[in-house]
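In the numbering used here, the protein residues as written are 64 to 826. For each residue, glycine too, the CB sits at the ideal point set by N, CA and C. Just so we're clear, the structure is a prediction, and the values are computed from it rather than from any experiment. This report concerns only the one structure given below.
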């Protein structure tokens, strides 16, 4: 072992131990251990002057190692190392005799400076102890002298004993300094202790860099209180009133005390900043408009601000210690808590609750974990906002937006119906002019039927949108046939535009052989119709419209509709499928392409657009080819003729009533028509009818009332509804509860009507 000062490094991590060893090895004898137990074993053999200890270690933490080192040898100086500045930990360390504490990360300069100061103090204390030992030895040597010398020796020993007592007093004062965080009481304690323990006339502490008025003399000691190179104040011990000189050795002790004072002043300032921050946070929480509720590990409420009292109508006193599930739904809270435990960020959910006065309130809750230390959560913070007013305003705004959207939707519906009516009226007029042209009449009837079917499809879509009609199942669809029908429907409009402008517009069809897809023919025809009409309007100076179909890989088919019109800008292209976005001003609704996009998406397809200003636009529709898209031949029902029966038909619309009567009569049924519910009840006799078919929305007596009255008279008679309004989910549930076997939606096809009646009669 060399004559170099000895430093022992205690840290359970290799990296920090090696870092300190590299810094100290040029100047000191360095030993390293990885635990507190190993450090205590090394004390008798290595005999360190200074020990650097990491506070956070497994098995035995740094504070316990500090206490045992001081119990073994109080003169060994100990420097604590910590990764976080906990005031409680620092106070405990310094109270138990630690020389200093360093907060990671620290600089090499701070490390070297702390080591030098600790060694200086160690050497000073060892020197003082050696001097005491020499004085005691001198006393023993003087024991053989005369009584006078012996008495003098006894007086000298008493004086040295007094100095040792004074040193103990200073140690106690140092411990008091480091345990006190409030600067006022701390300075008062120091001055009173020095006056009482060491007998000084006056002791004062002057804060600030300016020196005090008293000068440093034999009867007055002025010790600067420094932090690095900054002077924080001065410690003054003044014996000038009594003219009693101050022992030079006490000067050294007072200088040592001033170093503790520097630490205490820094701690006091830190404590003041923390206290100020605490007051600010408390004021912030107290004045917050949101409820702030803190919850401990057992899910019990431990914090409750005034906003929480207002939102939950309960005081902090009544809620402290109560389970948080008294104010928040247990399922939502536990789900969010589990997400926090899994390491996820703050969790949000909304709840609806009823206040004690019976009013409803809506709350937005955010849960977050707080106080995590060593991977363990201390508790949960719940921030709750009353969003009742916000939700009411949102509902009002949504209602306003719905009304605006309904107005625009009505325009879009009118646009769709006008397209269908244009085809119907156009061909009706052409057939009226040339009734003898059988080809024209046949083609016109087909187009009129297709256009009317398209109108029915529009109504279906509106009802499905309003949840008044269940979605229909997809069937195999020939896209080429859909395109031809759409071309036929739009031909009158096309011819009208071309005639008005006097500029020819060319149509090119290139329809390849493609497999059928699963879908709804009328909806797909609506998409193609919209795209054709948009293309015609996009070519005000004439041009060419090309419609192409082709296979797109092994499992998709493509429909390409391209025009040579004005094209679109990039901004318009990006927004072309947005609802209510239009470039036509008041003439457009902005719904055509949005609806088309929705229809294609519901068919599992894609719609793409490519366009350039002045060079036209191309829409590409891609649809999947799925198994089962090949239509199967209808089943053959050999030897089972349709049943005929007696049917009571009820509808307040004379035209509809007459049409239904004729359709059922043509199917072989015996029909009794009734123009109102009361007339039907007058005609109804139990056992006289095989089926009762009634309209729902009728004045005077609705179909629901008719069904109830008929069912009361004859519990077994089959009932069926027909409606032009559609049925909500609640209405469909009412139908099931009343045993309504079929519900038909106007307009109904003859075959569909007869098939439904057969099903009602068979059940």
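Our contact map puts residue 621 next to residue 683 with C-beta atoms below 8 Å; I'd like the distance itself, whole angstroms only. 6 Å
Relative to the C-alpha of residue 280, which candidate in 271, 292, 299 has its C-alpha closest? 299
If you count every other CB in all the chains shown that lies within 10 Å of the CB of residue 668, and 16 or more means buried, which is it? buried
Less than 6 Å between C-beta atoms, sequence neighbours within five positions excluded: which residues of the same chain meet that for residue 81? none
Short of 8 Å in beta carbon distance, which residues of its chain neighbour residue 351, apart from the five on each side in sequence? Order them along the chain. 368, 370
Beta-bridge partners of residue 567, as assigned by DSSP: Answer by DSSP bridge pairing: none, since residue 567 is not bridged.
Could you tell me which uninterrupted alpha helix (DSSP H) segments, each at least 4 residues in length, are contained entirely in the stretch 581-660, listed from first to last along the chain? 584-600, 633-638
By the 10 Å Cβ neighbour count, where 16 or more other Cβ atoms means buried, how is residue 69 classified, buried or exposed? buried
Report yes or no: do three or more beta-carbon pairs, one from the stretch 716-725 and one from the stretch 763-773, lie closer than 8 Å? no
For residue 697 and residue 596, I'd like the C-alpha separation in whole angstroms. At residue 697, the pLDDT of 43 sits below 50, so the modelled position is not reliable; the number obtained from the coordinates is stated separately. If I take the Cα positions, the gap works out to 36 Å.
Give every residue of the same chain whose Cβ lies closer than 7 Å to the Cβ of residue 189, excluding the five residues on either side of it in the sequence, and list them in chain order. 138
By the 10 Å Cβ neighbour count, where 16 or more other Cβ atoms means buried, how is residue 583 classified, buried or exposed? buried
According to DSSP, simplified to helix, strand and coil, what is residue 767? helix
DSSP state of residue 250 mapped onto helix, strand, coil: helix
Beta carbon of residue 827, beta carbon of residue 546: below 8 Å? No answer is possible for residue 827: the residues shown for the chain start at 64 and end at 826.
Nearest-angstrom Cβ-Cβ length linking residue 552 and residue 687, presumed shorter than 8 Å: Incorrect: roughly 26 Å between the Cβ atoms, too far for contact.
Near residue 730, what residues of its chain come up, given a Cβ to Cβ distance below 6 Å and the 5 sequence neighbours on each side ignored? 817
From this set, 125, 504, 355, which residue's C-alpha is nearest residue 443's C-alpha? 355
Run through DSSP, which three-state label would residue 330 get? helix
If I follow the unbroken beta strand (DSSP E) through residue 426, where does it start and stop? 423-433
Whole alpha helix (DSSP H) elements within the stretch 268-308, 4-residue minimum: none
Per the contact definition of three or more C-beta pairs closer than 8 Å, is the stretch 312-324 in contact with the stretch 281-293? yes
If you follow the beta strand (DSSP E) that residue 907 is in, where does it begin and where does it stop? Residue coverage of the chain in this structure runs from 64 to 826, which leaves residue 907 outside it and unanswerable.
What is the rounded straight-line gap between the Cα of residue 428 and the Cα of residue 357? 13 Å
Can residue 128 and residue 146 be called in contact, C-beta distance under 8 Å? no
Using only the alpha-carbon positions, how far apart do residue 412 and residue 424 sit? 14 Å
Alpha carbon to alpha carbon, what distance is there between residue 394 and residue 253? 58 Å
According to DSSP, is residue 784 part of a helix, a strand, or is it coil? strand
Could you give the C-beta distance for residue 331 and residue 249, rounded to a whole number, given that I count them as a contact under 8 Å? 7 Å
Can you list, in chain order, the residues of its chain whose CB lies under 6 Å from that of residue 53, leaving out five sequence neighbours each side? The requested residue 53 does not occur in the structure, where the chain is confined to residues 64 to 826.
Could you tell me which residues DSSP pairs with residue 669 in its beta bridges? 685
Within its chain, find whatever has a CB closer than 6 Å to the CB of residue 303; leave out the 5 residues flanking it on each side and keep chain order. 282, 283
Do you know offhand how far residue 337's Cα is from residue 150's? 10 Å
Out of 168, 153, 167, which one is the CA nearest neighbour of residue 161? 153
Between residue 165 and residue 142, is the Cβ-Cβ spacing less than 8 Å? yes
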